[in-house]
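A.B. asks:
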Amino acid sequence: MKDLSKKIIIANWKSELDIRGSGALFGRLSKSFNKKNFKNDIVILPDFLSLAKISHNKNKNIFYGAQDVSPFSFGAYTGEVAVNNIYQVGASYVLIGHSERRAYFSEDKIIPQKIKNVLEQGKVIPILCVGETWEQRKKNQTINVIKKQLQEAFSLVKSLRGKKIIIAYEPVWAIGSGRVVSITEAVLVHRKIREIMSQIFKNNGPAELGVVYGGSVNLKNYQNFKNNSAISGLLIGGASLKASDFIKIASDF
Ligand code: PGA
Numbered sequence: 001m002k003d004l005s006k007k008i009i010i011a012n013w014k015s016e017l018d019i020r021g022s023g024a025l026f027g028r029l030s031k032s033f034n035k036k037n038f039k040n041d042i043v044i045l046p047d048f049l050s051l052a053k054i055s056h057n058k059n060k061n062i063f064y065g066a067q068d069v070s071p072f073s074f075g076a077y078t079g080e081v082a083v084n085n086i087y088q089v090g091a092s093y094v095l096i097g098h099s100e101r102r103a104y105f106s107e108d109k110i111i112p113q114k115i116k117n118v119l120e121q122g123k124v125i126p127i128l129c130v131g132e133t134w135e136q137r138k139k140n141q142t143i144n145v146i147k148k149q150l151q152e153a154f155s156l157v158k159s160l161r162g163k164k165i166i167i168a169y170e171p172v173w174a175i176g177s178g179r180v181v182s183i184t185e186a187v188l189v190h191r192k193i194r195e196i197m198s199q200i201f202k203n204n205g206p207a208e209l210g211v212v213y214g215g216s217v218n219l220k221n222y223q224n225f226k227n228n229s230a231i232s233g234l235l236i237g238g239a240s241l242k243a244s245d246f247i248k249i250a251s252d253f
């Protein structure tokens, strides 16, 4: 399973900004990233409404994505946003199974159907989040937890042939807490994720598999994760809301 051809830096704006704030932040990023021969891919994940407002902007290095997606195609599913509409506004990625969605919106059970539907529609690239809680980590269950999350998420999918998939390793205890995993641990978990994906899919693995790290990445610590072949990129929450910090991290990574 080949790695991504470029490093990918993903900004998760969560539900932190209003539409005007999203537009203003995008404006600042857009100027900095609209350069020829920029080495990394940038993916911005605004909330749905802000996404629809900004995703028509063409930028050489910025791609757009949604923070969530309906498990179904168009139909009588009140409140849901179908993957085809995400695609139609110009997005090319969707985040699935973020720990905040797992914790506050009881996502776990619906993740396999989301993954299946997004892959069947084939329009956008899924970014699947996995990661252990502090309790699980203390009991040395990290790898088992992640294995189970991967097995479950892909339980309705037989083959990933020809697909591009991104897995985000986000330890739940590291998200928004200021604590990050050590680089040694991150590398170990990222390698394990690749191994587990190979075990699940054998000869039917994806054409490209990216494994990115997320959880309290900021200006002070991002360099720990740099220049490491096990780390395909970063998923950044808090620090992606400060234009200058995000521009520095995404340009230097
Ligand atoms: P954080 O968020 O960088 O603020 O920890 C990361 C995430 O939740 O994706």
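Each residue of the sequence shown is one higher than the one before, starting from 1 at the first, in the numbering used here. Every residue, glycine too, gets a C-beta built ideally from N, C-alpha and C.
Pick out whichever of Ile-165, Ile-115, Gly-131 has its Cα sitting closest to the Cα of Ala-174.
C.D. replies: Along the sequence shown, read from residue 1 onward, the residue named residue 174 stands at position 174. With distances taken between Cα atoms, Ala-174 lies closest to Gly-131.
A.B. asks: Using the beta-carbon count (16 or more within 10 Å), is Phe-246 buried or exposed?
C.D. replies: Translated into positions along the sequence shown, residue 246 becomes position 246. Flag for Phe-246 reads buried.
A.B. asks: Confirm, please, whether the CB-CB distance from Ile-165 to Val-43 is below 9 Å.
C.D. replies: Working through the sequence shown from its first residue, we reach residue 43 at position 43. Working through the sequence shown from its first residue, we reach residue 165 at position 165. No, the Cβ-Cβ distance between Val-43 and Ile-165 is not below 9 Å.
A.B. asks: Any heavy atom of the ligand PGA inside 8 Å of the beta-carbon of Glu-100?
C.D. replies: Locating residue 100 in the sequence shown gives position 100, where the first residue counts as 1. Result yes, Cβ under 8 Å from the ligand PGA.
A.B. asks: Here's a check: name, in chain order, each residue in its chain whose Cβ is nearer than 8 Å to the Cβ of Lys-6, leaving out the five neighbours to either side.
C.D. replies: Counting from 1 along the sequence shown, the entry for residue 6 is found at position 6. Correct list, in chain order: Lys-39, Asn-40, Asp-41.
A.B. asks: Between the Cα of Glu-170 and the Cα atoms of Gln-149, Arg-28, Ile-62, which residue gives the shortest distance?
C.D. replies: Position 170 of the sequence shown, counted from the first residue, corresponds to residue 170. Of the listed residues, the one whose Cα sits closest to Glu-170 is Gln-149.
A.B. asks: In whole angstroms, what separates the C-alpha of Asn-117 from that of Ser-73?
C.D. replies: Working through the sequence shown from its first residue, we reach residue 117 at position 117. Working through the sequence shown from its first residue, we reach residue 73 at position 73. One C-alpha to the other measures close to 7 Å.
A.B. asks: What did DSSP end up calling Val-43 once you bin it into helix, strand or coil?
C.D. replies: Your numbering for residue 43 matches position 43 in the sequence shown. The DSSP-derived three-state label of Val-43 is strand.
A.B. asks: Less than 9 Å between the C-beta atoms of Lys-163 and Gly-122, yes or no?
C.D. replies: Taking the sequence shown and counting its residues from 1, the one referred to as residue 163 is at position 163. Taking the sequence shown and counting its residues from 1, the one referred to as residue 122 is at position 122. Yes, the pair counts as a contact, with Cβ atoms nearer than the cut-off.
A.B. asks: What does the alpha-carbon distance come out to for the pair Asn-224 and Gly-75?
C.D. replies: Locating residue 224 in the sequence shown gives position 224, where the first residue counts as 1. Locating residue 75 in the sequence shown gives position 75, where the first residue counts as 1. Distance between the alpha carbons of Asn-224 and Gly-75 is about 45 Å.
A.B. asks: Looking at the structure shown, is Lys-53 part of a helix, part of a strand, or coil, going by DSSP?
C.D. replies: Within the sequence shown, residue 53 is the residue found at index 53, counting from 1. Here Lys-53 sits in helix by DSSP.
A.B. asks: At a cut of 8 Å, does the region 211-219 reach the region 229-240 through at least three beta carbon pairs?
C.D. replies: yes
A.B. asks: For Lys-36 versus Lys-60, is the C-beta distance shorter than 9 Å?
C.D. replies: Translated into the one-based positions of the sequence shown, residue 36 becomes position 36. Translated into the one-based positions of the sequence shown, residue 60 becomes position 60. Closer than 9 Å, so yes.
A.B. asks: DSSP has Tyr-256 in a bridge; who is on the other side?
C.D. replies: Lying before the first or after the last residue shown, residue 256 is absent from the chain, which here runs from 1 to 253.
A.B. asks: From this set, Tyr-77, Asn-34, Ile-86, Thr-78, which residue's C-alpha is nearest Leu-49's C-alpha?
C.D. replies: Residue numbering aside, residue 49 sits at position 49 when the sequence shown is read from its first letter. For the residues Tyr-77, Asn-34, Ile-86, Thr-78, the minimum Cα distance to Leu-49 belongs to Ile-86.
A.B. asks: Does DSSP put Leu-25 in a helix, a strand or coil?
C.D. replies: As a working mapping, residue 25 is identified with position 25 in the sequence shown. Shown here, Leu-25 sits in a helix according to DSSP, grouped into three states.
A.B. asks: Considering only residues of the same chain and omitting the five flanking positions on each side of Arg-101, which have a CB-CB separation below 7 Å?
C.D. replies: Within the sequence shown, the letter at position 101 stands for residue 101. Contacts found: Asp-68, Glu-107.
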